[in-house]
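**Student:** Heads up: the sequence shown at position 131 corresponds to 131 in the UniProt record's numbering, and the numbers run straight through without jumps.
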Amino acid sequence: MIDLLLIGLTRFIVGGQALWIGASPETRQRIYFANHASHLDTLLIWSALPRPLRGTTHPIAASDYWGRGKVRRHIALKVLNAVLVDRVTHGPPGAALAPLRGVLAEGESLVLFPEGTRGNERLPGPFKSGLYWLAQEFPEVELIPTYLDNPSRAFPKGTFLPVPISCTVRFGAPLPRRPGEEKEAFLERARAAVGALASDPAL
1 MIDLLLIGLT RFIVGGQALW IGASPETRQR IYFANHASHL DTLLIWSALP
51 RPLRGTTHPI AASDYWGRGK VRRHIALKVL NAVLVDRVTH GPPGAALAPL
101 RGVLAEGESL VLFPEGTRGN ERLPGPFKSG LYWLAQEFPE VELIPTYLDN
151 PSRAFPKGTF LPVPISCTVR FGAPLPRRPG EEKEAFLERA RAAVGALASD
201 PAL
């Protein structure tokens, strides 16, 4: 019931219409990678996915926000099916990717925000390397660029509740792998694929 209530509220307040451009909502293993503009992003993408996909898709959520407080943590873990990660890296290099690798190893899907932090620009900023390493380690997983329209306007930094501004979630065509592609080239190509889904793309 809580999931249906959250979806209903999200669609009532900010819309969250899903547009599948070059891909369809199939029950196959994927990494959806998106621009990151607000704390609303996780809920927007989760609400935009059909119910069969929500059960096997795990958004990556910042533990310092979604893990704070019993209610918010319950929504993140039990309703949104999220994986909480610490944005401050601890341990050896790559340790932060361990829970993400675990999800993919079990044959399920992820939602990533490769910028790593929220931005106010229309186009995404530089991507961090996590997407590259996961794409290398799990070559069978489909990579779906995803673009969120207006989340920073609907839920600006410092506000407690979202405002009624229409948001759209655009799912693009799968990003193809290129054998031997360097990390920086891959990340820039992935960033461009997300930016190309903007309403008036201009990279």
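All C-beta atoms in this analysis are idealised placements derived from N, C-alpha and C, irrespective of residue type, glycine included.
(1) Run the CB neighbour count on T27, radius 10 Å, all protein chains shown included, and call it buried at 16 or more, exposed below.
(2) If I45 and V111 are in contact, beta carbons under 8 Å, what's the gap, nearest whole angstrom?
(3) Using the Cβ count rule (16 or more neighbours within 10 Å means buried), how would you classify G172?
(4) Where do the N-terminal and C-terminal ends of the beta strand (DSSP E) with F171 fall, by residue?
(5) Rounded to a whole number of angstroms, what is the C-alpha to C-alpha distance between K128 and L187?
(6) Between which two residues does the alpha helix (DSSP H) holding T146 run?
(7) Judging by CA-CA distance, which residue of Q17, T56 and A76 is the nearest neighbour of A105?
(8) Tell me the rounded alpha-carbon separation between A196 and R122.
(9) Among all the DSSP beta bridges, which residues are the ones paired with I75?
(10) Taking the C-alpha atoms as reference points, what is the distance between A192 and H74?
(11) As a quick exercise: from V103, L19 and G180, pick the residue whose alpha carbon is nearest that of P50.
(12) Name the residue from L143, R177, K78 and P126 whose alpha carbon lies nearest to the alpha carbon of R54.
(13) Per DSSP, what kind of secondary structure is F127 in: helix, strand or coil?
(14) Determine, using beta carbons only, whether H36 and F113 come nearer to each other than 8 Å.
(15) What is the rounded straight-line gap between the Cα of S38 and the Cα of V169?
(16) Using beta-carbon positions only, say whether P124 and L143 come within less than 8 Å of one another.
**Tutor:** On the basis of the data shown:
(1) Here residue 27 corresponds to residue number 27 of the sequence shown, with the count starting at 1. Burial call: exposed.
(2) To locate residue 45, count along the sequence shown from 1; it is residue 45. To locate residue 111, count along the sequence shown from 1; it is residue 111. About 5 Å separates the two Cβ atoms, so the contact holds.
(3) On the sequence shown, position 172 is the one that residue 172 refers to. Looking at its Cβ environment, which holds 16 or more other Cβ atoms inside 10 Å, G172 is buried.
(4) Looking up residue 171 in the sequence shown gives position 171. Element bounds for F171: C167 to F171.
(5) Residue mapping note: residue 128 aligns to position 128 of the sequence shown, counting from 1. Residue mapping note: residue 187 aligns to position 187 of the sequence shown, counting from 1. Roughly 8 Å separates the two Cα atoms.
(6) As a working mapping, residue 146 is identified with position 146 in the sequence shown. Counting along the chain, T146 falls outside any alpha helix (DSSP H), though it belongs to the beta strand (DSSP E) covering E142 to D149.
(7) Counting from 1 along the sequence shown, the entry for residue 105 is found at position 105. With distances taken between Cα atoms, A105 lies closest to T56.
(8) The residue given as residue 196 occupies position 196 in the sequence shown. The residue given as residue 122 occupies position 122 in the sequence shown. Cα to Cα, A196 sits roughly 11 Å from R122.
(9) Taking the sequence shown and counting its residues from 1, the one referred to as residue 75 is at position 75. None, per the DSSP bridge assignment.
(10) If you number the sequence shown from 1, residue 192 lands on position 192. If you number the sequence shown from 1, residue 74 lands on position 74. Distance between the alpha carbons of A192 and H74 is about 35 Å.
(11) The residue labelled residue 50 in the question sits at position 50 within the sequence shown. Out of V103, L19 and G180, L19 has the C-alpha closest to the C-alpha of P50.
(12) Counting from one through the sequence shown, the residue named residue 54 turns up at place 54. That would be K78, whose Cα lies nearest to the Cα of R54.
(13) Start at 1 with the first residue of the sequence shown, and residue 127 comes out as number 127. Coil.
(14) The sequence position of residue 36 within the sequence shown is 36, counting from 1. The sequence position of residue 113 within the sequence shown is 113, counting from 1. Cβ distance < 8 Å, so H36 and F113 count as in contact.
(15) Within the sequence shown, residue 38 is the residue found at index 38, counting from 1. Within the sequence shown, residue 169 is the residue found at index 169, counting from 1. Cα to Cα, S38 sits roughly 13 Å from V169.
(16) As a first step, residue 124 must be located in the sequence shown, where it is residue number 124. As a first step, residue 143 must be located in the sequence shown, where it is residue number 143. No, the pair does not count as a contact, with Cβ atoms beyond the cut-off.
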